[in-house]
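Inspection log for the structure reproduced underneath, given as structure tokens.
Residue numbers (the working numbering): 111 to 827.
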């Protein structure tokens, strides 16, 4: 018997009817899954016709990614535009913002570096992420931080251009006021630290003039544009002088720098046309795409960039059409000519050329060469892309095999019921008892899931207090509460115990006045009742200046724990979608409110300034639903030994959750499990152990990054 066909997506029948009524104008469309998540964003000249192609019965014309997406689509949304150009601009922006699963995407902007040069009287040169600011000169993106920084360091050695931030800001401020900036610093001025170690050109001591500084910056700009002749001439002169003065170490450094530049100058292909162009080669294998960009400036090939794309690509043309707007919306350096392979649709070229004109401010030609040197360069770029893609594929196959072995080994060694598909690793970081933070990193099927990483500021520790056990307990409670029963489920449990929650009744007004000595509107109060008698009372009061305060908390003395109060406060906070809620608490209640999401603060708003107790604050924006935290892990990894593991087990029992947990101690890289005083033995070359160590190191890096950011921010105050 032939195998049965899988059932068709239940939403397709309804979608086929709906798309017949879709607009026929240009615009963008979004395909959504059953949870409303964006799966794919596209543009169309005729929305109705384009949408129809996605819901037709699967055929050979559809790519594998379209067939896979068709199984998930449940809804769609459209935005009508006046022109295709408007649709292209909107599509590019929305893809960058939403990063849909099935779109071909450039990797996160944060992975790319740009050189940004301001147009101030004293230009500032910076290496930045996420693209350059408008009104500045920019180069990039560069994929390697080390390479671009090495190049800039080499240029500083030849033409000292680096200047301390303090002097640049002061000089530009003086210029803006119309003052004579040359009189701001003198040889007697206090030098900056950078100047003392050779990392500042001496603007802060008037060692060079404004004209000399700007001349050096201009040489840097020319170098980055491909004109390396001044650098070669200066290097040769300096090297010969150093050798003549018997400064052989300096001469050797200059010789190495000269070799690097000359290596850049040796071109695979040279073009007598002196044209500026980007030549883009693209390769697609198994729905994965890789792009190689040759940057030709003044007829010379000055740079090569390799960009691995994420998402699903059907073919080179489709990947190229999605890549070009994303790339050229981030790079500041758009040449007048871009050499590409054939586009999927002929009409796409004039549309993209119009967009590039708007983006760059000058005419840009998209050329598909058939012969000549440009054609040879394109063939070379495509050949490089295919070769690099084959190498990447081999790496992926090896990595996938190692990952599978590691997960299987982990399952056996820890006696887990199944292979741990989602692993979460936790770390605590602090700076001598201050700026204590916790991090959670995630691996899905053995691979880092960066978008699932989360971090938190520890709330239950006071300034200067060091307690890793208390900190890890707080991080786990705050993370695992998302896996505990929802408010509705909790309320059902309370109902079975005879406890119900509701607004205060008129008949309870006198009781509230008597207990709380408060004659304000009783309707603001939420009450927990047992056998119709109030056992817990509380409210969030909105003051005249709109300040929100959690106040008038009362618990019947017969109630032995805070479980009912905790639920009542959570119900009150759940109604606050934005803004901040303040509370003042007794010292013994600080941990309780910290676990509910309140942070320690230095002072209260003016309207609450007379309140006594420890001031705390709850920010509603930090407590929105989080898909990462809603996902249940198959294994918890704690950075630490037996003590940290015992703390984690205690929290899991307290929250009535059964999740395997292990500890990874730094000193000997030992792995501990609950109930055992001895570490689990792993082979020295164990793939499972290496995977856990990588996760622990990543959690440590992620926590340190947040701590350093907080420390820098507080230093600026």
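Every residue, glycine too, gets a C-beta built ideally from N, C-alpha and C.
Quick caveat: nothing in here was measured; it's all calculated off a predicted structure.
Between which residues of its own chain and residue 386 is the CB-CB distance below 8 Å, once the five residues before and five after are set aside?
Counting from 1 along the chain shown, the entry for residue 386 is found at position 276. Hits under 8 Å: 406, 407, 408, 445, 446, 447.
Please state if the CB of residue 589 and the CB of residue 709 are separated by a distance shorter than 7 Å.
Looking up residue 709 in the chain shown gives position 599. Looking up residue 589 in the chain shown gives position 479. Result no, Cβ atoms of residue 709 and residue 589 do not sit closer than 7 Å.
In whole angstroms, what is the alpha-carbon distance linking residue 314 and residue 404?
Taking the chain shown and counting its residues from 1, the one referred to as residue 314 is at position 204. Taking the chain shown and counting its residues from 1, the one referred to as residue 404 is at position 294. Roughly 40 Å separates the two Cα atoms.
Between 398, 415, 366, which lies nearest to residue 389 when the distance is taken from Cα to Cα?
By one-based count along the chain shown, residue 389 stands at place 279. Residue 389 has its Cα closest to that of 415, out of 398, 415, 366.
Would you kindly check if the distance between the Cβ of residue 586 and the Cβ of residue 546 is under 7 Å?
Residue 546 sits at position 436 when you count from the first residue of the chain shown. Residue 586 sits at position 476 when you count from the first residue of the chain shown. No; because the gap between Cβ atoms is not below 7 Å, this pair is not in contact.
Tell me the DSSP bridge mates of residue 547?
Locating residue 547 in the chain shown gives position 437, counting from the first residue. Beta-bridge pairing links residue 547 to 539, 567.
By Cβ distance, which residues of its chain are closer than 8 Å to residue 353, with the 5 residues on each side in sequence left out?
In the chain shown, counting from the first residue as 1, residue 353 sits at position 243. Closer than 8 Å at Cβ, skipping near neighbours: 361.
Please report how far the alpha carbon of residue 233 lies from the alpha carbon of residue 266, in whole angstroms.
Locating residue 233 in the chain shown gives position 123, where the first residue counts as 1. Locating residue 266 in the chain shown gives position 156, where the first residue counts as 1. Residue 233 and residue 266: Cα-Cα distance of roughly 15 Å.
Give me the DSSP bridge partner(s) of residue 185.
Reading the chain shown from its first residue, position 75 is the one you call residue 185. Beta-bridge pairing links residue 185 to 142.
For residue 565, count the other beta carbons within 10 Å of its own beta carbon; 16 or more makes it buried, fewer makes it exposed. Which is it?
Residue 565 sits at position 455 when you count from the first residue of the chain shown. Buried: at least 16 other Cβ atoms inside 10 Å.
Compare the beta carbon distance of residue 273 and residue 310 with 7 Å and say whether it is the shorter of the two.
Within the chain shown, residue 273 is the residue found at index 163, counting from 1. Within the chain shown, residue 310 is the residue found at index 200, counting from 1. Taking 7 Å as the Cβ cut-off, residue 273 and residue 310 qualify as a contacting pair.
Please state the DSSP three-state secondary structure of residue 245.
Within the chain shown, the letter at position 135 stands for residue 245. Coil, per DSSP.
Quick check on residue 377: does DSSP put it in helix, strand or coil?
As a first step, residue 377 is located in the chain shown; it is residue number 267 there, counting from the start. The pLDDT assigned to residue 377 is 42, lower than 50, so where the model puts this residue is not dependable, and the model offers no usable value.
In angstroms, rounded to a whole number, what distance separates the CA positions of residue 774 and residue 523?
In the chain shown, the residue the question calls residue 774 occupies position 664. In the chain shown, the residue the question calls residue 523 occupies position 413. Computed Cα separation, rounded: 14 Å.
Short of 8 Å in beta carbon distance, which residues of its chain neighbour residue 331, apart from the five on each side in sequence? Order them along the chain.
One-based indexing of the chain shown puts residue 331 at position 221. Correct list, in chain order: 227, 247.
Which complete beta strand (DSSP E) runs does the segment 357–422 hold, if anything under 3 residues is left out?
As far as the segment 357–422 is concerned, its whole beta strand (DSSP E) runs of at least 3 residues are 387–395, 398–407, 410–418.
Based on Cα-Cα distance, which residue from 288, 473, 789 lies nearest to residue 751?
Along the chain shown, one-based indexing puts residue 751 at 641. If we check each option's Cα against that of residue 751, 789 comes out closest.
If you check the beta carbons only, do residue 400 and residue 367 fall under 7 Å apart?
Stepping through the chain shown from its first residue, residue 400 is reached at position 290. Stepping through the chain shown from its first residue, residue 367 is reached at position 257. Cβ atoms of residue 400 and residue 367: not closer than 7 Å.
Count the other CB atoms within 10 Å of the CB of residue 795; is the residue buried (16 or more) or exposed (fewer)?
Working through the chain shown from its first residue, we reach residue 795 at position 685. It counts as exposed.
Over the uninterrupted beta strand (DSSP E) stretch that includes residue 206, give me the two end residues.
Translated into the one-based positions of the chain shown, residue 206 becomes position 96. Premise fails: residue 206 lies in the alpha helix (DSSP H), 194–208, not in any beta strand (DSSP E).
Nearest by alpha-carbon distance to residue 438: which of 466, 243, 528, 423 is it?
Against the chain shown, residue 438 aligns to sequence position 328. Among 466, 243, 528, 423, the Cα nearest to that of residue 438 belongs to 466.
Quick check: residue 757 and residue 721, are their CB atoms within less than 7 Å of each other?
What you label residue 757 is simply residue 647 of the chain shown in a count that begins at 1. What you label residue 721 is simply residue 611 of the chain shown in a count that begins at 1. The answer is no: Cβ separation not under 7 Å.
Compare the C-alpha of residue 338 against each of 278, 396, 268, 351 and name the closest.
The sequence position of residue 338 within the chain shown is 228, counting from 1. If we check each option's Cα against that of residue 338, 268 comes out closest.
On the DSSP bridge list, what partners appear for residue 443?
As a working note, residue 443 is residue 333 in the chain shown. BP columns for residue 443 are empty, so no partner.
Smallest Cα separation from residue 759: which of 579, 469, 320?
As a working note, residue 759 is residue 649 in the chain shown. For the residues 579, 469, 320, the minimum Cα distance to residue 759 belongs to 579.
Based on Cα-Cα distance, which residue from 458, 492, 702 lies nearest to residue 154?
Looking up residue 154 in the chain shown gives position 44. Cα-wise, what sits closest to residue 154 is 458.
So is residue 343 buried or exposed if we call it buried at 16+ other beta carbons inside 10 Å?
The residue you call residue 343 lines up with position 233 of the chain shown. Exposed is the call here.
Compute the Euclidean distance between the alpha carbons of residue 382 and residue 497, then round it to the nearest angstrom.
Counting from 1 along the chain shown, the entry for residue 382 is found at position 272. Counting from 1 along the chain shown, the entry for residue 497 is found at position 387. Note on residue 382: pLDDT 49, under 50, position unreliable in the model; the coordinate value appears next. Straight-line Cα distance between these residues: approximately 28 Å.
Thinking C-alpha only, which one of 548, 712, 536 is nearest residue 828?
Outside the shown range of the chain (111 to 827) lies residue 828, about which nothing can therefore be said.
When DSSP builds the beta bridges, which residues end up paired with residue 263?
Here residue 263 refers to the residue found at position 153 when the chain shown is read from its first residue. Residue 263 pairs with nothing; no bridge assigned.
According to DSSP, is residue 252 helix, strand or coil?
As a position in the chain shown, residue 252 is number 142, starting the count at 1. Residue 252 falls in the strand class under three-state DSSP.
Got a sec? Which residues, its chain only, sit under 7 Å from residue 512 by beta carbon, not counting five neighbours each side?
Indexing the chain shown from 1 puts residue 512 at position 402. 797, listed in sequence order.
I'd like the span of the alpha helix (DSSP H) that includes residue 153, first residue to last.
For the purposes of this step, residue 153 is taken as residue 43 along the chain shown, with counting starting at 1. First-last for residue 153: 148–154, but that is the beta strand (DSSP E), not the alpha helix (DSSP H).
Residue 469 lies in the alpha helix (DSSP H); which residues open and close that run?
On the chain shown, position 359 is the one that residue 469 refers to. Residue 469 -> alpha helix (DSSP H) spans 458–470.
Taking one C-beta from the segment 647–665 and one from the segment 675–695 each time, how about it: are there three or more such pairs within less than 8 Å?
The segment 647–665 vs the segment 675–695: in contact.
Is it true that the CB of residue 394 sits closer than 7 Å to the CB of residue 429?
Taking the first residue of the chain shown as 1, we reach residue 429 at position 319. Taking the first residue of the chain shown as 1, we reach residue 394 at position 284. Going by C-beta atoms, residue 429 is nearer than 7 Å to residue 394.
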